[in-house]
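J.: Take a look at the following structure, please.
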Amino acid sequence: MPSFAESVRANPALGTADVATLQRLVTDWHLLADLSFADLLLWVAQPGPDDGPGAEPRAFRVVAQARPTTGPTAYSDDMVGHQATAAELPLVASALRAGRVVRDGDPQWRDRVPVRLEAIPVRSGGRVIAVIARSTNMIGIRMPSRLELSYLQAASDLSTMISEGTFPPKDSRTDLSRLPRIGDGLVRLDPAGVITYVSPNALSAYRRFGFAGNLLGSHLGRVTAQLAPSGSPTDEALAAMVSGEAFRATEIDSVDGTLVIRTLPLLRAGERIGALVLIRDVTDLRSRERELMSKDATIREIHHRVKNNLQTVAALLRLQSRRVKAVEARTALDEAVRRVGSIAVVHEMLSQGVEDRLDFDHVADRLLGLVADVSAPEATVTPIRTGHFGEIPAETATPLALVLTELLHNAVEHGLQNRPGALMLGIRRYRDGQLLGRGGVVPSVGRPGAAGGDQSRAALNGAGQNGAGQNGAGQKGVGQDSAGQSGAGQDSAGQSGAGETGVVAVNAVDALPDEEPPPALRAVGFGTDLIRIEVEDDGQGLPEGFDLASSGSLGLQIVRSLVSGELKGHIEIAARRGGGTRVLLEFPTASI
Ligand SMILES: Nc1ncnc2c1ncn2[C@@H]1O[C@H](COP(=O)(O)OP(=O)(O)O)[C@@H](O)[C@H]1O
Ligand SMILES: [Mg+2]
Numbered sequence: 120m121p122s123f124a125e126s127v128r129a130n131p132a133l134g135t136a137d138v139a140t141l142q143r144l145v146t147d148w149h150l151l152a153d154l155s156f157a158d159l160l161l162w163v164a165q166p167g168p169d170d171g172p173g174a175e176p177r178a179f180r181v182v183a184q185a186r187p188t189t190g191p192t193a194y195s196d197d198m199v200g201h202q203a204t205a206a207e208l209p210l211v212a213s214a215l216r217a218g219r220v221v222r223d224g225d226p227q228w229r230d231r232v233p234v235r236l237e238a239i240p241v242r243s244g245g246r247v248i249a250v251i252a253r254s255t256n257m258i259g260i261r262m263p264s265r266l267e268l269s270y271l272q273a274a275s276d277l278s279t280m281i282s283e284g285t286f287p288p289k290d291s292r293t294d295l296s297r298l299p300r301i302g303d304g305l306v307r308l309d310p311a312g313v314i315t316y317v318s319p320n321a322l323s324a325y326r327r328f329g330f331a332g333n334l335l336g337s338h339l340g341r342v343t344a345q346l347a348p349s350g351s352p353t354d355e356a357l358a359a360m361v362s363g364e365a366f367r368a369t370e371i372d373s374v375d376g377t378l379v380i381r382t383l384p385l386l387r388a389g390e391r392i393g394a395l396v397l398i399r400d401v402t403d404l405r406s407r408e409r410e411l412m413s414k415d416a417t418i419r420e421i422h423h424r425v426k427n428n429l430q431t432v433a434a435l436l437r438l439q440s441r442r443v444k445a446v447e448a449r450t451a452l453d454e455a456v457r458r459v460g461s462i463a464v465v466h467e468m469l470s471q472g473v474e475d476r477l478d479f480d481h482v483a484d485r486l487l488g489l490v491a492d493v494s495a496p497e498a499t500v501t502p503i504r505t506g507h508f509g510e511i512p513a514e515t516a517t518p519l520a521l522v523l524t525e526l527l528h529n530a531v532e533h534g535l536q537n538r539p540g541a542l543m544l545g546i547r548r549y550r551d552g553q554l555l556g557r558g559g560v561v562p563s564v565g566r567p568g569a570a571g572g573d574q575s576r577a578a579l580n581g582a583g584q585n586g587a588g589q590n591g592a593g594q595k596g597v598g599q600d601s602a603g604q605s606g607a608g609q610d611s612a613g614q615s616g617a618g619e620t621g622v623v624a625v626n627a628v629d630a631l632p633d634e635e636p637p638p639a640l641r642a643v644g645f646g647t648d649l650i651r652i653e654v655e656d657d658g659q660g661l662p663e664g665f666d667l668a669s670s671g672s673l674g675l676q677i678v679r680s681l682v683s684g685e686l687k688g689h690i691e692i693a694a695r696r697g698g699g700t701r702v703l704l705e706f707p708t709a710s711i
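Given below as structure tokens:
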């Protein structure tokens, strides 16, 4: 189906300016449809192949259609694209020829519905460029009430303006999201700005706005200006409304409410005969918006205060730690400082948005930075994060931050024993058995560098020795096991893609065939992702006879209880192949 512009331009006499005019017309012509309780069809002449310029058009095509919201439609079908000959559309043809509104005497019968037809020529730059066929479903017209008569009168005025080329206005652009429609509230003004008709909804809107008197016979501009707080920037808009001279749309606040007001001057033969004012009461809408905004601000503020309070608690504990002599007590206090600090990181991130979730990569990087800072100054631990957490619900973020802090800290404290070495945090996130990459779903096999965790594994395995620069010189662990990882070495040969990071990527799934099956294969419910985290160090390794389940010290106890409780996940701590320790943590999280 051709576009609106294409259908219009099928008539070679019509140019881009005409397309623009017709486009402005159809964004506003619902006013005419509503005021006249009528369906509108926009017909454009379609000249035949051997029609000379200026020939009487023999065929027409519908390029746009509008239905009234105030009455029943006369067309149950979509008419756009429909074609008809001039002989079938005598009214349209004669409106085009005569350049003025043409009415049918008697209603026509369409599908056993009486329809009254009227053809309105659309004038632009002195020419008639299209014709609006207006068909009123007469079943809907009862004994006309005052409202209906006022509507029909306004419709007739608008029709005249369209045929004279003064509607649609050239500069009626506005940034208001939804302009009022006829049904929201209609006021008619005389040329002096005095109200000659108020629809019931318009009256209600003004009552809500704070007006108690009689609107009929009042000066709308003055009434409105009295209610709006003086000195508000709406003065100019009000002035335009008072005179009814300009096409304007504006939003006005009073103490009691908010109105969106749109003014349409009515012109006939260049003379101003009055104005239509459309009014919409948006008081409830705006107060809901304000409520939501203040709720967002409150949530942010609370997170901010929680963060500040946690930082205060940490500072107090730190002060106390400096004063105690007993080493054990001091260590305990320092650990408490660290734990409180990692919760504060989460709240700091939460305070930056209004969502109940956060991008955990930022949190993880902050925690990695904190751990690196804590390690002894001579031990240059360069932590590496590979892969992405992505967004994580706020309630998961705090336990996860605590668990990570403990694991990273143990890796530096016990694994590397405050000596230089490699510390790696690898993250993979799976959805429906697929590894999620930065740019969406990436296959879990065969994409070097795309899978989180792979690069650092290579760094740790020493598969690519160019990784050494990143990890510092003193990595006695690096390289010592590379002989046994020949499979990994082979794989990495052609993988130059990750070269810019200084680490050669190895596809872990291929390189380590004896690894457990991809975790995504384990059952996770719909709408749930699986996050798999590896924390590895190439340090001392676990002590003889280490058993996570029976480890009674506080750090791993916290880890165990958070993983099984809050995170509902699974954790394993074991010797890392090639030396050091490897912690594997998996837990489900909402697919955000
Ligand atoms: N990455 C690691 N490398 C070596 N040993 C570790 C590692 N992580 C934990 N451990 C061992 O597990 C023990 C318990 O750790 P944790 O519960 O955190 O207590 P703490 O850190 O206070 O000793 C540690 O003392 C250490 O022996
Ligand atoms: Mg510990």
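Reading the sequence shown from the start, the letters are residues 120 to 711 in the numbering used here. Positions of the beta carbon are idealized from the N, C-alpha and C atoms, including for glycine.
What is the residue span of the beta strand (DSSP E) that Ser155 lies within?
T.: Where Ser155 is concerned, there is no enclosing beta strand (DSSP E), given that its DSSP letter is neither H nor E.
J.: Where does Ala178 sit, in a helix, a strand or coil, going by DSSP?
T.: Ala178 falls in the strand class under three-state DSSP.
J.: For Asp169, name the three-state secondary structure that DSSP assigns.
T.: Reduced to three states, the DSSP call for Asp169 is coil.
J.: At a cut-off of 7 Å, would you count Gly674 as near ligand 2, judging by its Cβ distance to the nearest heavy atom?
T.: Result yes, Cβ under 7 Å from ligand 2.
J.: I need the DSSP call for Arg504, collapsed to helix, strand or coil.
T.: Reduced to three states, the DSSP call for Arg504 is strand.
J.: In whole angstroms, what is the alpha-carbon distance linking Glu370 and Asp400?
T.: Rounded to whole angstroms, Glu370 to Asp400 spans 10 Å at the Cα level.
J.: Report whether the distance from the Cβ of Glu663 to the nearest heavy atom of ligand 1 is below 7 Å.
T.: No.
J.: Does Met412 pass the burial test, meaning 16 or more other C-beta atoms within 10 Å, or should it be called exposed?
T.: So Met412 counts as exposed.
J.: Identify, in the order they occur along the chain, each residue of the same chain with its Cβ nearer than 6 Å to the Cβ of Asp276, setting aside the five sequence neighbours on each side.
T.: Once the five neighbours on either side are set aside, the close Cβ partners of Asp276 are Leu385.
J.: For Arg437, I'd like the list of residues in its chain whose CB is within less than 6 Å of its CB, leaving aside the five on either flank, ordered along the chain.
T.: Hits under 6 Å: Val456.
J.: Express the C-alpha separation of Ser122 and Arg381 in angstroms, rounding to a whole number.
T.: So the alpha carbons of these two residues sit roughly 30 Å apart.
J.: In three-state DSSP terms, what is Gln553?
T.: Note: Gln553 maps to strand in three-state DSSP.
J.: Alpha carbon to alpha carbon, how far is Thr501 from Gly588? Give it in angstroms, no decimals.
T.: Note that Gly588 scores a pLDDT of 37, beneath 50, so its modelled location is shaky and nothing firm can be said.
J.: Sort out for me which residues DSSP pairs Glu653 with in a bridge.
T.: Gly545, Leu703, per the DSSP bridge assignment.
J.: To the nearest angstrom, how far is the alpha carbon of Asp648 from that of Val182?
T.: Between Asp648 and Val182, the C-alpha separation is close to 48 Å.
J.: Roughly how far, in whole angstroms, is the beta-carbon of Asp475 from the beta-carbon of Ala451, given that I think they are within contact range, below 8 Å?
T.: The Cβ separation is near 33 Å, so there is no contact.
J.: Report the three-state DSSP secondary structure of Ala316 (helix, strand or coil).
T.: The displayed chain sequence assigns Tyr, not Ala, to residue 316. Reduced to three states, the DSSP call for Tyr316 is strand.
J.: For His481 versus Lys426, is the C-beta distance shorter than 8 Å?
T.: No, the Cβ-Cβ distance between His481 and Lys426 is not below 8 Å.
J.: Run the CB neighbour count on Leu544, radius 10 Å, all protein chains shown included, and call it buried at 16 or more, exposed below.
T.: So Leu544 ends up on the buried side.
J.: Hey, quick one: how far does the alpha helix (DSSP H) through His465 stretch, first residue to last?
T.: Reading the sequence as shown, one finds Val at residue 465 and not His. Per DSSP, Val465 belongs to the alpha helix (DSSP H) from 446–469.
J.: What residue from Ile652, Val232, Ile418 has the CA that sits closest to Ile503's CA?
T.: For Ile503, the nearest C-alpha among the options comes from Ile652.
J.: Here's the rule I'm using: 16 or more other beta-carbon atoms within 10 Å means buried, otherwise exposed. How should Asp290 be labelled?
T.: Asp290 is exposed by the Cβ-count criterion.
J.: Looking at ligand 1, does it come within less than 7 Å of Asp656, judged from the CB to the closest heavy atom?
T.: Checking every heavy atom of ligand 1 against the Cβ of Asp656, one is found closer than 7 Å.
J.: Does DSSP classify Val473 as helix, strand or coil?
T.: Here Val473 sits in coil by DSSP.
J.: Give the single residue among Ile398, Asn320, Arg679, Leu144 whose Cα lies nearest to the Cα of Arg297.
T.: Measuring from the Cα of Arg297, the nearest candidate turns out to be Ile398.
J.: Put Gly393 into one of helix, strand or coil per three-state DSSP.
T.: It is a strand residue.
J.: Cβ of Ser461 versus every heavy atom of ligand 1: is any distance shorter than 7 Å?
T.: Not so, every heavy atom of ligand 1 lies at least 7 Å from the Cβ.
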